[in-house]
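**Student:** Those sequence lines, one after another, are chains D and S.
Just so you know, we're using this note's numbering here: the first sequence kicks off at 17 and counts up by one.
Just so you know, we're using this note's numbering here: the second sequence kicks off at 17 and counts up by one.
Ideal placement from N, C-alpha and C gives every residue a C-beta, glycine not left out.
Please read these numbers as outputs of a predicted model, since none were measured by experiment.
There are 2 protein chains.
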Amino acid sequence: MASEQHNAQRRTPVTIHDVARDAGVSVGTVSKALNDRGQLRPDTRARVRATAAILGFLPNELAQSLHRKRSFTVGIITSDRFGRFSIPLLEGIEDALDPARIAVFLCKPTDDLELERRHVDSLLAKRVDGIIVTSRRTDPRRPLDLGGASLPVVYAYAQSEDPAAACLLPDDEGGGALAGAHFARLGRRRIAHITGPERFAAVRERRVGLARALADAGLVLDDQLVLSGSWSEEWGREAAERLLDIGRPFDAIFCGSDQIARGVADTLRDRGVHVPEDLAIVGYDNWEIVAAATRPPLTTIDPCLDELGRLAATRLLGMIDANDGQRAAATRVPCRLVVRASCGGGAE
Amino acid sequence: MASEQHNAQRRTPVTIHDVARDAGVSVGTVSKALNDRGQLRPDTRARVRATAAILGFLPNELAQSLHRKRSFTVGIITSDRFGRFSIPLLEGIEDALDPARIAVFLCKPTDDLELERRHVDSLLAKRVDGIIVTSRRTDPRRPLDLGGASLPVVYAYAQSEDPAAACLLPDDEGGGALAGAHFARLGRRRIAHITGPERFAAVRERRVGLARALADAGLVLDDQLVLSGSWSEEWGREAAERLLDIGRPFDAIFCGSDQIARGVADTLRDRGVHVPEDLAIVGYDNWEIVAAATRPPLTTIDPCLDELGRLAATRLLGMIDANDGQRAAATRVPCRLVVRASCGGGAE
DNA sequence: AGCGCAACGGAAAAGCTTTTCCGTACGAGC
DNA sequence: GCTCGTACGGAAAAGCTTTTCCGTTGCGCT
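#1: Using the beta-carbon count (16 or more within 10 Å), is D/Asp-294 buried or exposed?
#2: With distance defined between alpha-carbon atoms, name the residue in S/Leu-160, S/Leu-139, S/Ala-338 nearest to D/Asn-443.
#3: Enumerate in chain order the residues of its own chain whose CB-to-CB distance from S/Asn-23 is below 8 Å, with the five nearest sequence positions on each side excluded.
#4: Mind pulling the chain S residues with CB within less than 7 Å of D/Phe-11?
#5: The beta strand (DSSP E) that contains D/Phe-216, what's its start and end?
#6: Any C-beta of chain D sitting closer than 8 Å to the C-beta of S/Pro-313?
#7: Comparing the C-beta of S/Ala-281 with each C-beta of chain D, is any distance below 8 Å?
#8: According to DSSP, is D/His-209 helix, strand or coil?
#9: In the DSSP assignment, the alpha helix (DSSP H) including S/Ser-244 goes from what residue to what residue?
#10: Classify S/Ile-103: buried if its beta carbon has 16 or more other beta carbons within 10 angstroms, exposed otherwise.
#11: Against chain D, with Cβ distances strictly below 8 Å, would S/Glu-189 count as a contact?
#12: Under 8 Å, Cβ to Cβ, is there at least one residue of chain D near S/Asp-250?
#13: Name the DSSP beta bridge partners of S/Cys-359, please?
#14: What are the start and end residues of each continuous beta strand (DSSP E) run of 3 or more residues lying completely inside the stretch 144-202 of chain S, in chain order?
#15: Using a Cβ-Cβ distance cut-off of 8 Å, determine whether S/Asp-178 contacts chain D.
#16: Report the neighbours of D/Phe-101 on chain S: residues whose CB is nearer than 9 Å to its CB, in chain order.
#17: If we ignore side chains and look at the alpha-carbon of each, how far apart do D/Leu-284 and D/Ala-195 end up?
#18: Give me, in chain order, the residues of the same chain whose beta-carbon lies closer than 7 Å to that of D/Ser-176; leave out the 5 immediate sequence neighbours on both sides.
#19: Smallest Cα separation from D/Ser-151: which of D/Tyr-171, D/Gly-163, D/Gly-245, D/Arg-133?
#20: Check distances from the C-beta atoms of the stretch 72-94 of chain S to those of chain D and list, in chain order, the residues that come in under 7 Å.
#21: Tell me, please, whether the CB atom of S/Gly-368 is closer than 8 Å to any CB atom in chain D?
#22: Output needed for D/Met-17: all residues of its chain with C-beta closer than 6 Å, excluding positions within five of it in sequence on either side, in chain order.
#23: Using alpha carbons as the reference points, say which of S/Phe-101, S/Arg-27, S/Leu-327 lies closest to S/Ala-346.
#24: Does the Cβ of D/Glu-110 have 16 or more other Cβ atoms within 10 Å, making it buried, or fewer, making it exposed?
#25: To the nearest angstrom, how far is the alpha carbon of D/Phe-95 from that of S/Arg-258?
#26: Over the uninterrupted beta strand (DSSP E) stretch that includes S/Ala-119, give me the two end residues.
#27: What residue ranges within the stretch 41-127 of chain D form continuous beta strand (DSSP E) runs of no fewer than 3 residues, ordered along the chain?
#28: Between D/Ile-118 and the rest of its own chain, which residues show a CB-CB distance below 8 Å, the 5 nearest in sequence each way excluded?
#29: Specify whether the stretch 256-276 of chain S and the stretch 207-216 of chain S touch according to this definition: at least 3 beta carbon pairs, one from each stretch, less than 8 Å apart.
#30: For my contact list, D/Ala-359 and D/Cys-320 are in at a C-beta cut-off of 8 Å; report their separation, rounded to the angstrom.
#31: Per the contact definition of three or more C-beta pairs closer than 8 Å, is the stretch 33-46 of chain S in contact with the stretch 59-70 of chain S?
#32: Let me see if you follow: with CB-CB separation under 8 Å, is D/Arg-331 close to chain S or not?
#33: When the Cα of S/Ala-62 is compared with those of S/Arg-223, S/Glu-254, S/Leu-50, S/Asp-239, which residue comes out closest?
#34: Please report whether the beta-carbon of D/Pro-29 lies at a distance below 8 Å from any beta-carbon of chain S.
#35: Which stretch, first to last residue, makes up the beta strand (DSSP E) that contains S/Asp-286?
#36: What separation, rounded to the nearest whole angstrom, lies between the Cα atoms of S/Arg-57 and D/Leu-131?
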């Protein structure tokens with residue numbers, strides 16, 4: 017007698033047939049009642065609904081999707097490990113997808129193309145309605161190999177070598193310009209730039225933007241004051257030392273990341289240089305946890321990755337609904353200047 | 017004539033029927049050929065396989081799942097925003113699920129119970145095989161409301177009020193003990209503790225562990241040297257100041273997070289206190305990017321969240337396969353001491 | 001040459017929902 | 001009172017795969 021409840025057998029979910037039986041109608045009628053279609057007497061509709069509620073009926077979306085030829089799911093593939101960039105991106109994506117009642121398959125990050133291929137196959141087999149590709153670098157990558165299938169694909173914080181692909185990218189040049197203009201506005205004249213590896217497109221673009229904004233203000237970017245290294249705090253410290261030691265005057269530093277800026281700020285502090293009085297600093301990323309904890313808190317460029325994610329998802333939804341091919345183009349999402357204390361003059 | 021290719025019509029995926037037609041066999045035969053079942057002549061099998069490959073046939077998993085009553089997907093629900101903790105957890109989970117060919121539905125984080133309910137319904141409707149609940153706090157939370165359904169659920173870095181639930185938690189007490197033992201081994205006698213808000217279970221447990229390890233070494237934890245505050249770098253700086261000012265001697269500080277430790281280290285540096293010579297520091301979290309950039313790099317406790325994620329996923333797989341109810345219990349996953357430079361004596 | 005068995009492959013049902021197409025029954029109008 | 005129209009709800013097909021159950025073919029043996 018104990019054996020019945022001993023094995024907490026998993027209950028099989030209630031189906032539309034169960035509801036039909038209990039409500040004394042046919043399954044078709046249940047479907048109509050629940051989906052507000054067909055011609056049903058109000059009381060029939062109500063009765064069916066009540067029965068469904070009592071039974072806790074949840075339509076099997078597998079069956080629904082099979083029928084509708086639309087799964088209401090999308091896949092996210094990332095060619096790099098989860099990280100600081102993926103998070104706000106993911107948030108933005110989910111933000112836009114949630115109201116559309118679309119669920120997200122997350123694929124384990126990999127930059128192995130063979131593995132990526134397998135992930136794509138797996139998503140295809142699940143009949144996702146679309147795929148979002150994200151990365152940690154904005155440099156062009158090989159287009160996603162759909163292996164003959166045709167399906168909307170959006171690259172978010174990633175770029176495909178295929179010029180016709182839908183890509184959403186942060187406006188790195190604009191970000192650089194934002195920093196340059198901010199310095200100029202505050203009366204800084206000689207701007208240094210400590211940034212990441214030259215091979216990153218973002219590094220080159222931000223520098224271009226910075227130079228452009230300075231030029232617009234009648235200033236020039238001194239190549240001697242541009243130092244490319246890695247993305248680390250360590251590099252920020254080292255580069256700051258170097259900058260101080262070459263003895264060329266400068267009154268502001270634009271940093272390629274908040275981490276670099278953090279390193280820079282620490283070194284300046286050690287060396288008795290006052291920020292922002294002697295030197296203004298602008299960081300990049302608006303990585304709250306770093307930017308806010310730095311002394312002084314960092315004025316920085318926010319690439320608005322959450323917004324980028326939202327836009328990417330919205331774009332994907334558009335492509336799914338339109339059922340048209342990838343009429344597309346790369347789009348740059350504007351950055352935002354976040355003013356804290358590291359440049360002084362918070363008042364815009 | 018242009019209109020045919022004008023609208024890049026989405027191709028409808030190739031089905032098993034297409035393969036059957038092209039291979040000149042029935043759909044049943046195709047299924048058998050592809051799945052290695054039934055009695056088929058080797059050449060038939062090969063021919064079908066070749067046809068399938070040419071056509072790029074990918075079985076519709078929706079239909080498969082419908083039939084098998086098993087979707088090979090699991091849902092992840094998190095009651096807190098994506099963050100530093102979710103990332104390694106997710107990595108671990110995917111690590112364990114990927115080889116089992118199980119895909120993950122990621123739900124937008126929320127701590128709104130009503131919204132959570134909706135997410136669960138959505139997962140249930142998708143007939144996920146199980147659910148993993150994660151959080152950012154290890155304090156007990158209300159059990160996930162499955163609304164009558166029965167389905168394996170595992171709590172990872174989260175705890176259910178239901179004592180029978182399967183919970184995987186970091187061994188915070190053990191983590192505290194690890195720090196205490198490390199200090200004792202290095203000959204430190206008077207240990208301070210700067211930690212997060214008292215209301216966190218983790219804070220209380222780590223403290224207990226610390227005290228226990230000290231007691232084991234014949235030392236006592238001086239309550240005057242225990243400071244609870246927030247999890248921020250700012251608090252680390254402030255608490256370090258206070259500690260230095262009260263004038264009670266101490267030769268080591270156990271910090272509740274690497275961020276706190278970072279703040280502490282910065283303040284000590286400002287005040288001319290040498291680490292590790294004058295004072296040893298142990299952090300918590302092994303948040304690489306912070307711990308490694310601190311001067312000196314932080315010796316810290318790694319809660320091994322990736323391992324925890326792996327274990328959680330493995331546990332869930334077990335529950336799914338076993339088809340038994342939640343025969344479960346809370347499990348503590350051991351932490352790991354990561355030695356860098358902030359305590360000196362790297363040699364174990 | 002005929003019988004039986006093994007090997008092979010086809011037909012059909014099941015899994016669950018939606019939707020189209022019909023049939024029935026009722027009310028209204030003549 | 002009869003017919004037509006409409007409102008309601010049922011039956012069945014479609015969507016795609018797997019699996020069970022059978023039927024057929026061909027071979028070997030006598």
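**Tutor:** Concretely, from the data shown:
#1: exposed
#2: Nothing can be reported for residue 443 of chain D: it is not among the residues displayed for chain D, which extend from 17 to 364.
#3: With a pLDDT of 42 at S/Asn-23, under the threshold of 50, the modelled position of this residue cannot be trusted, and the question is left open.
#4: Since the first residue of chain D shown is 17 and the last is 364, residue 11 of chain D is not available in this structure.
#5: No beta strand (DSSP E) contains D/Phe-216, which DSSP labels as neither H nor E.
#6: no
#7: Chain D, which has no Cβ nearer than 8 Å to the Cβ of S/Ala-281, makes this no.
#8: The answer is strand: DSSP assigns D/His-209 an E or B state.
#9: Looking at the DSSP string, S/Ser-244 is not in any alpha helix (DSSP H); the run it does join, the beta strand (DSSP E), is 242-244.
#10: buried
#11: Chain D contact via Cβ: absent.
#12: Per the sequence shown, residue 250 of chain S should be read as Glu rather than Asp. Output row for S/Glu-250: interface = yes.
#13: In the DSSP output, where bridge partners are listed per residue, S/Cys-359 has none listed.
#14: 146-150, 169-172, 182-186
#15: no
#16: Those within 9 Å of D/Phe-101 in chain S number zero; the least Cβ separation is about 11 Å.
#17: Roughly 20 Å separates the two Cα atoms.
#18: Pro-156, Arg-157, Pro-159, Cys-183
#19: D/Tyr-171
#20: Gly-72, Leu-74, Pro-75, Asn-76, Glu-77, Leu-78, Ala-79, Ser-81, Leu-82, Ser-87
#21: This structure does not reach residue 368 of chain S, given that chain S is present from 17 up to 364, and the question cannot be answered.
#22: Residue confidence for D/Met-17 is low, a pLDDT of 36 falling below 50, so the modelled location carries little weight; the figure read from the coordinates is stated next. Excluding residues within five positions, none has a Cβ falling inside 6 Å.
#23: S/Leu-327
#24: Classification for D/Glu-110: buried.
#25: With the sequence shown as reference, residue 95 of chain D is identified as Ser, and Phe is not the correct amino acid for it. Inter-residue distance for D/Ser-95 and S/Arg-258 is about 46 Å (C-alpha atoms, whole angstroms).
#26: 119-122
#27: 89-94, 119-122
#28: Closer than 8 Å at the Cβ level, and outside the excluded window around D/Ile-118, lie Phe-88, Thr-89, Val-90, Asp-145, Leu-333.
#29: yes
#30: Residue identity differs from the one stated: residue 359 of chain D is Cys in this sequence, not Ala. Not really, about 20 Å apart at Cβ, beyond 8 Å.
#31: yes
#32: no
#33: S/Leu-50
#34: With 8 Å as the cut-off, D/Pro-29 counts as an interface residue toward chain S.
#35: No beta strand (DSSP E) holds S/Asp-286; the alpha helix (DSSP H) holding it covers 274-286.
#36: S/Arg-57 and D/Leu-131 have their C-alpha atoms some 32 Å from each other.
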